[in-house]
Every structure is written in C-alpha cells, then in structure tokens.
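Let me begin by presenting the structure, written as structure tokens, before commenting on it.
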Amino acid sequence: MWFTQDQRLDDNPALRLAAEADEMLCVFVVEQGWFQSRRYQYPQMGPHRWVFLQLSLSELNQRLQLHGQRLLVVYGQAEVEIGRLVERYDINRVVRARSPGTDELRQWRWLESQFPETEWCQADAATLFEDDQVAGLSRSWPMSFSAFRRLAERWVVPAVTAMPQLPNTITQQISQLTLPDWLPNARASHSMFDGGESEALRHLDCYLASDYPQTYKRDRNAIDDWDSSSKMSPWLNAGNLSARRLKQKLDEYDQQHGASDGTHWLFVELLWREYFQWLAQSIGTKLFHFQGLSEHKPLTSFYSDRFRNWREGNTPWAIVNACMRQLKETGYLSNRGRQIAASALVNELALDWRYGAAWFEYCLVDYDVASNWGNWQYIAGVGTDSRGGRHFNIDKQTELFDADGSFRARWAADAEPQPLDTLDPTGWPIAYR
Ligand SMILES: Cc1cc2nc3c(=O)[nH]c(=O)nc-3n(C[C@H](O)[C@H](O)[C@H](O)COP(=O)(O)OP(=O)(O)OC[C@H]3O[C@@H](n4cnc5c(N)ncnc54)[C@H](O)[C@@H]3O)c2cc1C
1 MWFTQDQRLD DNPALRLAAE ADEMLCVFVV EQGWFQSRRY QYPQMGPHRW
51 VFLQLSLSEL NQRLQLHGQR LLVVYGQAEV EIGRLVERYD INRVVRARSP
101 GTDELRQWRW LESQFPETEW CQADAATLFE DDQVAGLSRS WPMSFSAFRR
151 LAERWVVPAV TAMPQLPNTI TQQISQLTLP DWLPNARASH SMFDGGESEA
201 LRHLDCYLAS DYPQTYKRDR NAIDDWDSSS KMSPWLNAGN LSARRLKQKL
251 DEYDQQHGAS DGTHWLFVEL LWREYFQWLA QSIGTKLFHF QGLSEHKPLT
301 SFYSDRFRNW REGNTPWAIV NACMRQLKET GYLSNRGRQI AASALVNELA
351 LDWRYGAAWF EYCLVDYDVA SNWGNWQYIA GVGTDSRGGR HFNIDKQTEL
401 FDADGSFRAR WAADAEPQPL DTLDPTGWPI AYR
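Dropping the structure here:
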C-alpha cells in the first residue's frame, strides 16, 4: 500500500484494495525533489506543510500499529524507492490513490513499464466521485464550473467505507532507516493546523457542533475570521479526512438540524475542489503552462523587485501586504485573501502568474496541485473561465472586507504605503562628461 494524499485508515478505498492481500507493506515516500529549488526559485514544500506532514505520518504509523501494521517511510525519488521495494520483496500488487499531478503520473507510468509483472492499481481515494462517473466528460473538457456543477449535483457520491481488516505486515524485516542529510530540520511552524486523522475528525466535529455551518453561505467570504469557513482544506488535501466522509457528516448534520443553505453551499465548494481535481487530470501539463488553456499568452513581464515586494508584503496596498504576511507566517490565507493577493500579482503588478502559484505552493499548509494551479489559472484568465480572469478592485475589497482595518493592523500592514517601484539613480546608464 503506497500512501500518498490519503493518509488515513478511515474510508480509504486504496487501503481496502491493498488489504485484500495476505501480506501488506505500507509505505510513504518523502521525495528529495520537494525540498530542492525548482524553476520558480522555491522548493515545492515549505516549512508549514512539512511540519503538518510529519505529524500526519506519525499518527498514521501509530494507527497502523494498533492493527498490527507499520508505516515504512522511505526517502528519495518515489519511482526508484518503490521500484526497489517491489524487487526486494517480490511485490505483486501496488495500490495508490489516483492523483492529478503530472509528476506522479509520470512516475506511475514508468513503474508500470519497468515492472509489468506487478499489478498497478489506483483507487479514487482523494475525490468525492470515481473515475468512471467522470469518464464520460473526458471528451468535452475543459468545461465551465457551472456546467460541471449542474451535472455533478445529480451524481451519487459513493458511500463511505469502513476500515478493512489489515493483513500481516512484511515490514518487520525492515530495520529503521537513517534520515538523509538533505531533509530539512523539523522547524516549528506558526500554522494553526496539526496533521493527522484524529485532529481532522476533532476539528470537523467541533465545527459541526457549532452554528457556523448554518451561516456558512453568508460568512464564507470573510477575509480573516476563523469560523467563517470550515478550515478543512489541510486535512482534505493530506487525505486525513475523505471528501466523502465530510459529505456524509454534512448530510447527518442536515438530518439533525434540517437542510440549510449553509451546508448545501459547503457541498458546492467541495464541488469546486472536485472540478479542479478532474480538470487537472484532463489537461495534464497545461495546468502549468503560461497560457494555460487559452489561445494567447497573457501580457506580463517579470520585475524581480515587484515580485519580491509582493512575496514579502511590501506593495503599495496594505490589504495585499497583510495577506502576504499572513500566508508566509502561518501557511494559511482565506479564499478572499488568496483572490485579492493573486489578482494584485496578475493585474496590478503585471507579473507572470506562475511565480505567484509557485510561492503559494511553497507556503500553503493546504497546498493541492489541482486547486492551487487551477485557481491561479482562473484568476489569470488562462483557465476554463469564459469571463477572462478576475480583476479585484483593491480599494473596494478593502472597504468590503476590512472596513475597520483590524486585519491590516494585525499584520502591521497599516503603515505608510510602499511605492510600486523604486528607482536607484546609480543604476541609470547616464554617462557624465
Ligand atoms: C489563488 C488561489 C489558490 C488556492 N490554492 C488552494 C490550494 O492549494 N489548496 C486548496 O485546498 N484550496 C486552494 N484554494 C481554494 C480555497 O481558497 C481554499 O480551498 C479555502 O480557502 C480553504 O479554506 P476552507 O477549508 O475554510 O474552505 P471552505 O470555504 O470551508 O470550503 C470547503 C472546502 O471546499 C474546497 N474549496 C473551497 N473553495 C475552493 C476553491 N476555490 N477551489 C478548490 N476547492 C475549494 C476546499 O477543499 C475547502 O476545504 C485556492 C484559491 C485561490 C484563489
């Protein structure tokens, strides 16, 4: 069982499939590539998500041990490490959650080709729907969210499943691995989220024990209010909680309290997540292309100073600065904050949206490849959205979402605005006679 974005025992179709065997090896690969600087200057994995992931894996291991299993965490390159294990233990079936990531797909195909005797199975453990429910759309993607939603609201969400009886482990034979020196120190993070299945359920139960789901539709756009939205995204994306379990709990909530706009709207937001997951699978590497799905490249340039000022929260716009400081410090930013910050990068600073997406990827504790790059494309006007991007009026957004200035004050962003560009006269090519 190759755990990836499904770090849980509850309602995990991949684990159920793997558990049909007589013996099972549970493995997670921490990839060296996550910590290396890539094309957009940053590693993929920043400190907030790394701390979250370690907590999540530690709990997964504890839970497995309660059932006579154990999680083997290996470090390196996924295809190499998985290939080694397949060879060494003569593994005849590998099961993993289906992923929309193109790197993950490339690794999977490579493994399939190198080990044709092994059965390579993917299960829909990270989404609400299953591949065969969505398969009919593959001819007509890309489509708008509204069109997707009209269809998806009629589909049946597969029922949640109980944890299977786990077979014996073969990991007893494997001694503890030493940690590689490229692994970053587990630095403390100021994130508000702790990884792991029990924390995910505890948070969800607290949320559903409150009245907040009732007011979700009204309040979900708040810029910085903990209770205005569910805050489930980090656990959903690590797979500490399945999207189906969340949907089932929302249904139970409705049965107890009566159906409400709030819970229905939460489901609609889950459909946004779903939409981006399946869209990403359908468009492959276009998710990362500058022009995305559109015919034309956006008219942008690259000013490194502007980008640095945006990243560090030193732009002329106090609300953007507050958003960027919160993101860097905590790894979380509300949906409204993400939209304002992304729109500022694309529309006010005229920068290449992919640098913004890569910075979010590094910082976000709830980073998800499909949701992050899909939302960025949407705002940059290179996604499926027929309205050609989103330009948020910063003054209006400030007035609507931080009228009393408390959000800006919290992040010390209410000081004198910074100029957009600073010119250093010594840098001008003027020759003195
Ligand atoms: C530029 C940009 C980048 C983003 N990057 C990510 C990302 O990397 N990971 C991520 O999970 N979300 C991302 N989002 C979507 C959204 O901001 C977060 O899902 C949301 O803020 C998470 O908070 P919540 O759990 O309280 O959401 P809630 O409002 O409570 O929504 C419930 C769930 O629905 C899903 N959801 C809600 N809105 C969206 C959306 N627009 N797109 C996809 N799923 C959605 C999430 O899984 C969320 O947990 C991004 C949005 C923007 C504008």
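Per UniProt numbering, residue 1 is the first one in the sequence shown, and the count goes up by one each step. Built from N, CA and C at the ideal position, the CB exists for glycine as well.
Proximity of residue i and residue j at Cβ, strictly below 9 angstroms
i: Ala358; j: Tyr75; result: no
i: Leu25; j: Gly196; result: no
i: Gln277; j: Ala126; result: yes
i: Ile223; j: Asp414; result: no
i: Arg308; j: Ser343; result: no
i: Asn347; j: Phe392; result: yes
i: residue 437; j: Ala322; result: With the chain running from 1 to 433 in the structure shown, residue 437 is simply not present.
i: Tyr275; j: Ala152; result: yes
i: residue 444; j: Leu271; result: The structure shown has nothing for residue 444, since the chain only spans 1 to 433.
i: Thr102; j: Thr285; result: yes
i: Trp265; j: Arg220; result: yes
i: Gly388; j: Arg49; result: no
i: Phe360; j: Leu327; result: yes
i: Trp376; j: Phe290; result: no
i: Glu20; j: Thr169; result: no
i: Leu241; j: Arg8; result: yes
i: Ala397; j: Ile283; result: Checking the sequence, you will find Gln at residue 397 rather than Ala. No; because the gap between Cβ atoms is not below 9 angstroms, this pair is not in contact.
i: Pro158; j: Leu201; result: no
i: Pro167; j: Pro47; result: no
i: Leu72; j: Val27; result: yes
Cβ-Cβ separation, residue j to residue i (assumed contact under 8 angstroms), whole Å
i: Phe3; j: Val365; result: With 8 angstroms as the limit, Phe3 and Val365 do not qualify as a contact, their Cβ atoms being about 19 angstroms apart.
i: Leu293; j: Val382; result: 6 angstroms
i: Gly262; j: Gln214; result: 5 angstroms
i: His203; j: Trp235; result: 7 angstroms
i: Leu279; j: Pro142; result: 6 angstroms
i: Arg16; j: Pro164; result: 5 angstroms
i: Tyr207; j: Ser228; result: At roughly 11 angstroms, the Cβ-Cβ gap does not stay under 8 angstroms, so Tyr207 and Ser228 are not in contact.
Cut-off 6 angstroms between Cβ atoms - residues of its own chain near residue i, not counting five sequence neighbours on either side
i: Glu81; result: Val29, Val74
i: Pro180; result: Tyr75
i: Asn12; result: Asp6, Ala125
i: Arg149; result: Leu271
i: residue 436; result: Nothing can be reported for residue 436, as the shown portion of the chain is limited to 1 through 433.
i: Gln44; result: Trp34, Glu361
i: Ala407; result: One detail in the question is off: residue 407 reads as Phe in this sequence, not Ala. So the list reads Ile223, Asp224, Ala322, once near-sequence residues are dropped.
i: Val160; result: Asp11, Arg244, Arg245, Gln248
Burial state of residue i (16 or more Cβ within 10 Å)
i: Glu112; result: exposed
i: Cys363; result: buried
i: Gly313; result: buried
i: Leu299; result: exposed
i: Asn372; result: buried
i: Gly33; result: exposed
i: Pro417; result: exposed
i: Asn237; result: buried
i: Tyr432; result: Summary for Tyr432: the model assigns pLDDT 49, below 50, so the residue's position carries little reliability; its value from the coordinates is reported in the next sentence. Under this definition Tyr432 is an exposed residue.
i: Asn92; result: exposed
i: Val156; result: exposed
i: Glu79; result: buried
i: Asp368; result: buried
i: Thr422; result: exposed
i: Gln107; result: buried
i: Gly356; result: buried
i: Ala14; result: buried
i: Gly258; result: exposed
i: Glu295; result: exposed
i: Ala370; result: buried
i: Thr178; result: exposed
Proximal residues to residue i (C-beta, below 7 angstroms), its chain only, five neighbours per side dropped
i: Gln114; result: Gly83
i: Ser301; result: Ala350
i: Gly405; result: Asp414
i: Met192; result: Thr330, Tyr332
i: Arg311; result: Met324, Trp359
i: Ala18; result: Met1, Met24, Val95
Contacting residues, own chain, Cβ-Cβ under 8 angstroms from residue i (five flanking each side not counted)
i: Asp194; result: Phe52, Leu55
CB contact check: residue i to chain B, cutoff 9 angstroms
i: Leu53; result: Structure shown: chain B not included; a single protein chain is present.
For the UniProt domain "Photolyase/cryptochrome alpha/beta" (1 to 134), which segments carrying the alpha helix (DSSP H) assignment without a break, of at least 4 residues, lie completely within its bounds, in sequence order? 13 to 18, 47 to 66, 78 to 89, 102 to 114, 131 to 134
Ordered list of alpha helix (DSSP H) runs contained in the segment 348 to 396, each at least 4 residues: 353 to 363, 369 to 380
Please go through the segment 226 to 280 and give each complete alpha helix (DSSP H) segment of 4 or more residues, from N-terminal end onward. 233 to 238, 243 to 257
Hey, which unbroken runs of the beta strand (DSSP E) at 3 residues or more fall wholly within the segment 182 to 221? none
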